[in-house]
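A.B. asks: In this note's numbering, the protein residues as written are 10 to 260. In this text, a Cβ means the ideal position worked out from N, Cα and C, and glycines have one as well. After the structure tokens below, expect a handful of questions from me.
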Amino acid sequence: ALIQTCNTLGLDQGAGQGVETWSNILNKLPPYLINSNGALQEWSWPGLNGRYNHRHSSQLVTVWPYREITPENNLALFNAAVTTLAKKDANNFNYENAGHGLLHSALIAAGLNNSQALTAKLLRLTKEDFYYNSLISSHYINHGTFCTDTCNAMPGVMMEMLVSSRPGVLELLPALPPTLDQEAISGVKGRNRVTVQNLSWNIGRNSVTCTLKSDIDQSITLIERGGINTLSTSAMVSPSPLGQVARVIQL
């Protein structure tokens, strides 16, 4: 992420500068590993085993926030990440009852298109007294320890479950809770210089309506995992190599 940022902004370039130094470090790092359980391995150091029952999900920052592992760029690692989250949920559904553990894993669930896991975590936050009457939040259940982790992260979770984005890609409703069958959101800024000005959906009618605005001229792969039967737009549209779940749109 640091190298990409500096390359985009033209910073720390040239011999002996930051990008060269960090690139050399990056090339020495071990690859991501899949353990004998089929899960993304937490540590690459031999003999150092991961802990599924921990509140942190450090090995899954590759899913969120970095978007490094997706079904499109590495399906094997994506499936391993899915297995990791499932094992963390099975071994430690309470994430040590820490708000940040639940919120980080909810953001990861959105990145893994897992609406069931995301919904379960959001319901815990509302049912187990993470919120005070003022809507400020606590660090633990039952109003345990004043902390704003939960209330500050919740808008991010809501956006990530409705709009997933990375350069060149915009995915709609990636992890929509099944009970939200007809709703709307507006003003979501993507990680690709596209703003979702309005987004509404009606699951009963199998319809999604959105208004997109790009800061620049670009091609965007628009994804809806349920499949796109028809698409009506004033923009130029072409098929996507991803098949029926996507189209390439010129913005």
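Can you give me the Cβ contacts of Val246 inside the same chain, cut-off strictly under 8 Å, excluding the 5 residues immediately before and after it?
C.D. replies: By one-based count along the sequence shown, residue 246 stands at place 237. Around Val246: Leu240, Arg256, Val257, Ile258 and Gln259.
A.B. asks: Per DSSP, what kind of secondary structure is Arg7 in: helix, strand or coil?
C.D. replies: The first residue shown for the chain is 10 and the last is 260, placing residue 7 beyond what the model contains.
A.B. asks: List the DSSP bridge partners of Phe155.
C.D. replies: The residue you call residue 155 lines up with position 146 of the sequence shown. In DSSP, Phe155 forms a bridge with Ser147.
A.B. asks: Please classify Glu169: does DSSP put it in a helix, a strand, or coil?
C.D. replies: Along the sequence shown, one-based indexing puts residue 169 at 160. Helix at Glu169.
A.B. asks: Where Leu132 and Arg202 are concerned, what is the direct C-alpha to C-alpha distance, given to the nearest angstrom?
C.D. replies: Position 123 of the sequence shown, counting from 1, holds the residue named residue 132. Position 193 of the sequence shown, counting from 1, holds the residue named residue 202. Taking the straight line from one Cα to the other gives about 32 Å.
A.B. asks: Would you mind stating whether Ile43 and Ala89 have Cβ atoms separated by less than 7 Å?
C.D. replies: Position 34 of the sequence shown, counting from 1, holds the residue named residue 43. Position 80 of the sequence shown, counting from 1, holds the residue named residue 89. Yes.
A.B. asks: Measuring alpha carbon to alpha carbon, tell me which of Thr218, Gln50, Tyr104 and Ser209 ends up nearest Thr242.
C.D. replies: Indexing the sequence shown from 1 puts residue 242 at position 233. Ranking Thr218, Gln50, Tyr104 and Ser209 by Cα distance to Thr242 puts Thr218 first.
A.B. asks: Can at least three beta-carbon pairs, one atom from the stretch 153–160 and one from the stretch 171–188, be found at a separation below 8 Å?
C.D. replies: Taking 8 Å as the limit for Cβ pairs, the verdict is that the stretch 171–188 does not touch the stretch 153–160.
A.B. asks: Which runs of the alpha helix (DSSP H) at least 4 residues long sit entirely within the stretch 190–254? Give them in chain order.
C.D. replies: Complete alpha helix (DSSP H) runs here, min 4: none at all.
A.B. asks: Skipping 5 residues on each side, what residues in its chain have a beta carbon closer than 8 Å to that of Gly177?
C.D. replies: Taking the sequence shown and counting its residues from 1, the one referred to as residue 177 is at position 168. Closer than 8 Å at Cβ, skipping near neighbours: Asn201, Gln227, Ser228, Ile229 and Thr230.
A.B. asks: Tell me whether Ala118 sits in a helix, a strand or coil according to DSSP, three-state version.
C.D. replies: On the sequence shown, residue 118 is found 109 positions in, with the first residue counted as 1. It is helical.
A.B. asks: Skipping 5 residues on each side, what residues in its chain have a beta carbon closer than 7 Å to that of Trp261?
C.D. replies: A query on residue 261 cannot be resolved here, the shown segment of the chain reaching from 10 to 260 and no further.
A.B. asks: Considering only DSSP beta bridges, list what Ala24 is partnered with.
C.D. replies: Translated into the one-based positions of the sequence shown, residue 24 becomes position 15. Per DSSP, none; premise fails for Ala24.
A.B. asks: Can you give the beta carbon distance from Leu38 to Thr93, rounded, assuming they're within the 8 Å contact cut?
C.D. replies: As a working note, residue 38 is residue 29 in the sequence shown. As a working note, residue 93 is residue 84 in the sequence shown. No, Leu38 and Thr93 are not in contact; Cβ-Cβ is about 19 Å, not under 8 Å.
A.B. asks: Starting from Leu179, trace the beta strand (DSSP E) both ways and give me its first and last residue.
C.D. replies: As a first step, residue 179 is located in the sequence shown; it is residue number 170 there, counting from the start. Val178 to Leu181 is the span of the beta strand (DSSP E), which, as asked, contains Leu179.
A.B. asks: Return the CA-CA distance between Asn106 and Ser143, expressed in angstroms with no decimal places.
C.D. replies: The sequence position of residue 106 within the sequence shown is 97, counting from 1. The sequence position of residue 143 within the sequence shown is 134, counting from 1. So the two alpha carbons sit approximately 21 Å from each other.
A.B. asks: How about Leu127 and Met170: do their beta carbons lie closer than 7 Å?
C.D. replies: For the purposes of this step, residue 127 is identified with residue 118 of the sequence shown, where counting begins at 1. For the purposes of this step, residue 170 is identified with residue 161 of the sequence shown, where counting begins at 1. In this structure, Met170 lies closer than 7 Å to Leu127 by Cβ.
A.B. asks: Can you check DSSP and say which residues form a bridge with Ala107?
C.D. replies: In the sequence shown, the residue the question calls residue 107 occupies position 98. Its beta-bridge partners are Tyr149.
A.B. asks: DSSP three-state call for Ser67: helix, strand or coil?
C.D. replies: Here residue 67 refers to the residue found at position 58 when the sequence shown is read from its first residue. In this structure, Ser67 counts as helix in the three-state DSSP scheme.
A.B. asks: Could you round the C-beta distance between His152 and Tyr141 to whole angstroms and report it? I think they count as a contact, below 8 Å.
C.D. replies: Translated into the one-based positions of the sequence shown, residue 152 becomes position 143. Translated into the one-based positions of the sequence shown, residue 141 becomes position 132. Their Cβ separation, rounded to whole angstroms, is 6 Å, which keeps His152 and Tyr141 in contact under 8 Å.
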